[in-house]
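Participant:
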Amino acid sequence: YNKRFDKLQNILKDLENVKVVDFKILSTFEEVMKHFNQSVSNGEEGTVVKEFGGIWKNGKPSSQCKVKKKETFDLKVIGFNYGEKGTKNERRISSLNVISEDGFLKASPFGITEEDMDYITDNMETLKGKIVEVKCCGVSHDSFDNYSLLHPVFIKFRYDISTANTLEECLEKDRMVTELGGDE
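Take the sequence shown: its letters are residues 18 to 201, numbered as in this note's numbering.
#1: Compare the beta carbon distance of V94 and V151 with 8 Å and say whether it is the shorter of the two.
#2: Look at the alpha carbon of G155 and the alpha carbon of S111, and state the distance between them as a whole number of angstroms.
#3: If you count every other CB in all the chains shown that lies within 10 Å of the CB of E201, and 16 or more means buried, which is it?
#4: Spatial neighbours of F53 within its chain, please: CB distance less than 7 Å, with the 5 preceding and 5 following residues excluded, ordered by chain position.
#5: Given a threshold of 16 other Cβ atoms within 10 Å of its Cβ, counted over all protein chains shown, does N27 qualify as buried or as exposed?
#6: With H, G and I counted as helix, E and B as strand and the rest as coil, what does DSSP make of H207?
#7: Is the distance from the Cβ of V149 to the Cβ of L184 below 8 Å?
#8: Decide if F90 is buried, meaning its Cβ has at least 16 other Cβ atoms within 10 Å, or exposed.
#9: Quick one: residues in its chain with C-beta nearer than 7 Å to the C-beta of L188, no 5 flanking neighbours on either side, listed in chain order?
#10: Quick one: Cα of R21 to Cα of M50, how far?
#11: Can you tell me whether DSSP reads E62 as helix, strand or coil?
#12: Where do the N-terminal and C-terminal ends of the beta strand (DSSP E) with Y164 fall, by residue?
#13: Roughly how many angstroms separate the alpha carbons of Y136 and T104, rounded to a whole number?
#14: Please determine, among E68, D31 and E33, the residue with the shortest C-alpha to C-alpha distance to L43.
#15: Could you say which of D177, E142, N182 and L167 lies nearest to G60 if we only look at CA atoms?
#16: Please classify E107: does DSSP put it in a helix, a strand, or coil?
Here you go:
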């Protein structure tokens with residue numbers, strides 16, 4: 018490992034757009050969670066835990082796993098976005114504009130199935146104001162420093178509720194998910 022790592026650093030040392038990612042050698046779950054929480058605090062999505070003796074493999078090697086948040090929020094639909102011009106979805110809704118109940122968190126979840134795109138496109142007027150469940154990797158900020166979600170994905174319409182989460186509820190849930198492993 019050390020020989021391969023030294024060789025890699027030497028190959029990449031003069032490249033401006035490529036860098037070796039920082040790493041730590043950890044031994045316990047508590048150490049992993051502390052490192053994960055620090056990575057999230059630094060604005061990272063999470064971290065990757067790798068077996069020290071693991072060999073690189075194209076695809077998803079069994080000797081490593083991602084550690085990142087996965088949480089859901091219920092948000093209100095305020096708008097719709099058609100697919101990009103020139104694509105097969107240019108005449109279908111391919112993402113939504115959603116907002117927290119108090120209006121302080123906004124996001125545009127993607128990942129809508131073709132079947133759901135057709136349903137949403139045909140029912141936009143009745144779906145505006147409805148609540149949707151959105152999966153994400155945590156609360157973040159957009160390029161204008163407004164509260165948003167990291168990698169928001171549409172899950173489903175929530176016809177069983179009529180009120181979205183508030184920003185405060187989203188931040189509290191996000192904090193609780195981050196602290197699952199604990200720092201102390």
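Note that beta-carbon positions come from the ideal geometry of N, C-alpha and C, so glycine has one too.
Facilitator: On the basis of the supplied data:
#1: No; because the gap between Cβ atoms is not below 8 Å, this pair is not in contact.
#2: If I take the Cα positions, the gap works out to 22 Å.
#3: Reliability of the predicted coordinates at E201 is poor, the pLDDT of 38 falling under 50, and the value obtained from them is presented with this limitation in mind. Burial call: exposed.
#4: G63, T64, V84 and G198.
#5: It is exposed - the Cβ of N27 has fewer than 16 other Cβ atoms within 10 Å.
#6: Since the first and last residues shown for the chain are 18 and 201, residue 207 lies out of range.
#7: Taking 8 Å as the Cβ cut-off, V149 and L184 do not qualify as a contacting pair.
#8: F90 comes out buried.
#9: The residues are V156.
#10: Rounded to whole angstroms, R21 to M50 spans 27 Å at the Cα level.
#11: Three-state DSSP puts E62 in coil, outside helix and strand.
#12: Start and end: Y164 to L166.
#13: When rounded, the distance between both Cα atoms is 18 Å.
#14: Ranking the options by Cα distance to L43, first place goes to E68.
#15: The alpha carbon of G60 has as its nearest neighbour, out of D177, E142, N182 and L167, the alpha carbon of L167.
#16: Three-state DSSP puts E107 in coil, outside helix and strand.
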